[in-house]
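Since the structure comes first, as structure tokens, the remarks are kept for the end.
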Amino acid sequence: MSKNLYMCQITPADETIGGMSKCEWAFLPYTAGVLWEYAYCNELIKNNYILKDTIVFRDPLNGILDKLDQPDVVAFCCYVWNTSFQCIIAKKIKELYPNCLIIVGGPHIPIKQDEWFKDHPYIDIAVVNEGEEIFENVLLEGINDIPDYSKIDGIILNDTNGILRTPKHPRMKDLDVIPSPYLTGFFEKIMKDYPDVKFHATWESNRGCPFRCSFCDWGGLTYQKVKIFDINRCKDEITYIADKKMFAMWISDANFGIFKKRDVELVQHLVDVYKKEGYPEFFPTLGYAKTPPKRNGVAEIQRLIREALPDNKTPSPRVAIQSFDHDTLTNIRRDNLSITDLDLIVNNQKQNDVPFEVELIIPLPGMTYNSFVADWEYFLQNDSSDGMIYPAMVLPNSEFGAAEYQKKYKIKVRNMPYNYFVSKDFSDRRIYTSLDKYKNEHLEYADIIVETFSMSESNVIKCWMFYWIIECFWYHIVLKDIVSYISKCLNIPIVEVFKKMQTYILNSYGIINERYSELESLVNKSYFAYDMKSQKFQDIKFFQEHHEFFFHDVTTFISDAYKNDLNDEQFTETIEMIKRKDDSDFYYRDVTQNIVDGGEWMKSEIELEGAP
Ligand code: SF4
3 MSKNLYMCQI
13 TPADETIGGM
23 SKCEWAFLPY
33 TAGVLWEYAY
43 CNELIKNNYI
53 LKDTIVFRDP
63 LNGILDKLDQ
73 PDVVAFCCYV
83 WNTSFQCIIA
93 KKIKELYPNC
103 LIIVGGPHIP
113 IKQDEWFKDH
123 PYIDIAVVNE
133 GEEIFENVLL
143 EGINDIPDYS
153 KIDGIILNDT
163 NGILRTPKHP
173 RMKDLDVIPS
183 PYLTGFFEKI
193 MKDYPDVKFH
203 ATWESNRGCP
213 FRCSFCDWGG
223 LTYQKVKIFD
233 INRCKDEITY
243 IADKKMFAMW
253 ISDANFGIFK
263 KRDVELVQHL
273 VDVYKKEGYP
283 EFFPTLGYAK
293 TPPKRNGVAE
303 IQRLIREALP
313 DNKTPSPRVA
323 IQSFDHDTLT
333 NIRRDNLSIT
343 DLDLIVNNQK
353 QNDVPFEVEL
363 IIPLPGMTYN
373 SFVADWEYFL
383 QNDSSDGMIY
393 PAMVLPNSEF
403 GAAEYQKKYK
413 IKVRNMPYNY
423 FVSKDFSDRR
433 IYTSLDKYKN
443 EHLEYADIIV
453 ETFSMSESNV
463 IKCWMFYWII
473 ECFWYHIVLK
483 DIVSYISKCL
493 NIPIVEVFKK
503 MQTYILNSYG
513 IINERYSELE
523 SLVNKSYFAY
533 DMKSQKFQDI
543 KFFQEHHEFF
553 FHDVTTFISD
563 AYKNDLNDEQ
573 FTETIEMIKR
583 KDDSDFYYRD
593 VTQNIVDGGE
603 WMKSEIELEG
613 AP
């Protein structure tokens, strides 16, 4: 009799709290697809297993368990956005079906931590690194009357005898032996079962990364050599994704554009298909090549995408710099992407007139409050760029996760609720006052760096709040012209004005301090809860509603901080600029206009307030 097998890869999605009823979009379970399709090529597996279902949504736990039919094997694909919940599911399954084999795999399984396996005794086997061949071997062994998994390479066996790590399994030589789960139709049932969900496709044209950044578990630590899929298969997948009218296609290569000719050809195909079908509507790239611009196809790829998509759908390319500070880059092993090369990359973006976002991570070892603030000067001086800040997360299989590394750089880590992908509701700052209404099963947790040898915990929070100040008052041009004017008059960096503003806010009792303090205390509970780019919409709206107090606060700041530095004429002009904003609907319009540019979903809320 065939064994009942379930795959589980809970999607990162918005608004899945409370189950499917609220889910608008979701990722298709790509990893589950490739694992199963590869295994299913084996006749023995085909004859001995039946894939009963693939669990994708963060439905209530009982609903998931109720759907199971005597499971013999359940395999979980674990990522930072689903591991906590999937462990809860796995534990319950083991309680209900003690003979069910629980297999886990994926980058978020802490393969070096014995304690983790002891704490999760319901997990039988962890697949280490590239999973297709190992998963196949585990399933084959499971057919035997008395399986002996200890002879399978590439696994961690977690049973009553303890923890056994078997020898490493080599990487696959040829990726093209893995059937494409798109082209085999693996996802059709899921799409049919949930016709109202906008599905996102994960698409890979190669695997591996030649770099070895300390915060990442993707590159040198596991798959240094980059291996490619056949180009025609990649093109057929794009055609399929468009044909199925999938909403988005995430290009998930670590260094897209690294194979100049091939990657440009793939994007040309994507663009041709998009022009014909209108799908996928979005095709963001997770990681562009970090090799020197002349050697890669990034600029050409971005040009093709920019010309094909309407302006409001063109994702801003992200340049993952992480820090401008050379010592910090050395500490995180990104000095092989030398500062010169980073400058080249950024200059290249500017030359090609591509607005772009620069990614930074805080706190990295070596970074200080002052170096973080100094990094911002770059963005503020370059209108074509914007900063995107991420908390420093400790991925368990990255160098950040190693005890020696943490000791060397005096890294302090805190396990925090991680909900970046879980619910749009969580961008509401008040969510943490009503956390109880969400059951634990709906939260994910991650280890976040809260202190390093170079930055205290309080300064890390100060950096986050500096980011909030910039987002609210510069990028929404609320105070942009005033701050620029002062910076020009005094010939000082723009960030110096914002730094002084932060000091003023911290020591004042005005309306800005009120908002700042509230957010600061919440940020302390989880950096991830507060996407500052979304957060600012609520705060700007708040200042808009209380504009008399807001401008009073701004005027007091300017008087306190700059009355003695600006000459009379300059000071009078600055105060007049503030008055002109408050006396007219200028302020109102500015914010509304900018919100339209920055986030369509906020527009209706602002309009309700009667903005002209
Ligand atoms: S961060 Fe990017 S470049 Fe660095 S190792 Fe990871 S995938 Fe490679």
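The sequence shown maps to residues 3 to 614 in my numbering.
Think of the CB as a built atom: it goes at the ideal place given N, C-alpha and C, for glycine as much as any other residue.
Please read these numbers as outputs of a predicted model, since none were measured by experiment.
Helix, strand or coil: which one does DSSP assign to residue i?
{"i": "His271", "result": "helix"}
{"i": "Ile47", "result": "helix"}
{"i": "Met3", "result": "coil"}
{"i": "Gln115", "result": "coil"}
{"i": "Glu547", "result": "helix"}
{"i": "Ala405", "result": "helix"}
{"i": "Gln383", "result": "helix"}
{"i": "Cys465", "result": "helix"}
{"i": "His122", "result": "coil"}
{"i": "Trp205", "result": "strand"}
{"i": "Thr85", "result": "helix"}
{"i": "Gly144", "result": "helix"}
{"i": "Met369", "result": "coil"}
{"i": "Phe423", "result": "The predicted model places Phe423 with a pLDDT of 45, which falls under 50 and marks its position as unreliable; any figure quoted below should be read in that light. Residue state, collapsed to three classes: coil."}
{"i": "Met9", "result": "strand"}
{"i": "Leu185", "result": "coil"}
{"i": "Glu522", "result": "helix"}
{"i": "Arg416", "result": "strand"}
{"i": "Thr505", "result": "helix"}
So residue i packs on residue j, CB below 8 Å; how close in whole Å?
{"i": "Asn298", "j": "Lys262", "result": "6 Å"}
{"i": "Pro109", "j": "Asn417", "result": "Their Cβ separation, rounded to whole angstroms, is 18 Å, which puts Pro109 and Asn417 out of contact at 8 Å."}
{"i": "Ser86", "j": "Glu446", "result": "5 Å"}
{"i": "Ile580", "j": "Ile560", "result": "7 Å"}
{"i": "Phe258", "j": "Tyr290", "result": "6 Å"}
{"i": "Glu138", "j": "Met174", "result": "Contact doesn't hold; Cβ gap of about 11 Å is too wide."}
{"i": "Glu302", "j": "Val266", "result": "5 Å"}
{"i": "Asp255", "j": "Leu397", "result": "In fact, because the Cβ distance is near 18 Å, the residues do not count as touching under 8 Å."}
Any heavy atom of the ligand SF4 closer than 6 Å to the CB of residue i?
{"i": "Trp252", "result": "no"}
Could you name the residues of the same chain whose beta carbon sits closer than 8 Å to that of residue i, not counting the 5 residues immediately before and after it, in chain order?
{"i": "Phe500", "result": "Val375, Trp378, Phe468, Ile471, Ile472, Phe475, Trp476 and Val485"}
{"i": "Asn372", "result": "none"}
{"i": "Asp329", "result": "Gly368"}
{"i": "Lys565", "result": "Phe573"}
{"i": "Leu483", "result": "A quick correction: the sequence has Asp, not Leu, at residue 483. Excluding residues within five positions, the ones whose Cβ falls inside 8 Å are Met579."}
{"i": "Glu550", "result": "Asp584"}
{"i": "Asp150", "result": "Glu143"}
Output needed for residue i: all residues of its chain with C-beta closer than 6 Å, excluding positions within five of it in sequence on either side, in chain order.
{"i": "Pro31", "result": "Gln11, Thr56 and Val58"}
{"i": "Asp555", "result": "Gly512, Ile513 and Ile514"}
{"i": "Thr186", "result": "Glu39"}
{"i": "Leu7", "result": "Tyr51, Leu53 and Val75"}
{"i": "Asn461", "result": "Tyr371"}
{"i": "Glu453", "result": "Lys414 and Glu459"}
{"i": "Val106", "result": "Phe78, Cys80, Ile125 and Ala128"}
{"i": "Ile95", "result": "Val76 and Cys102"}
{"i": "Thr557", "result": "Ile580"}
Go through its chain and collect everything with a Cβ distance to residue i's Cβ below 7 Å, but skip five positions before and after it.
{"i": "Val275", "result": "Ile240, Thr241 and Ala244"}
{"i": "Lys502", "result": "Ala563"}
{"i": "Cys89", "result": "His122"}
{"i": "His271", "result": "Lys237 and Ile240"}
{"i": "Ile192", "result": "Leu30, Thr56 and Val58"}
{"i": "Arg167", "result": "Ile158"}
{"i": "Arg336", "result": "Cys215 and Gln324"}
{"i": "Phe402", "result": "Ser216, Phe217 and Val396"}
{"i": "Lys247", "result": "Tyr281"}
Quick check: does the Cβ of residue i come within less than 6 Å of any heavy atom belonging to the ligand FMN?
{"i": "Glu279", "result": "Among the ligands in the structure shown, the ligand FMN does not appear; only the ligand SF4 can be found there."}
Anything with a beta carbon under 6 Å from a heavy atom of the ligand SF4 counts; list them all in chain order.
Cys211, Phe213, Arg214, Cys215, Cys218, Trp220, Gly221, Ala256, Gly289 and Lys292
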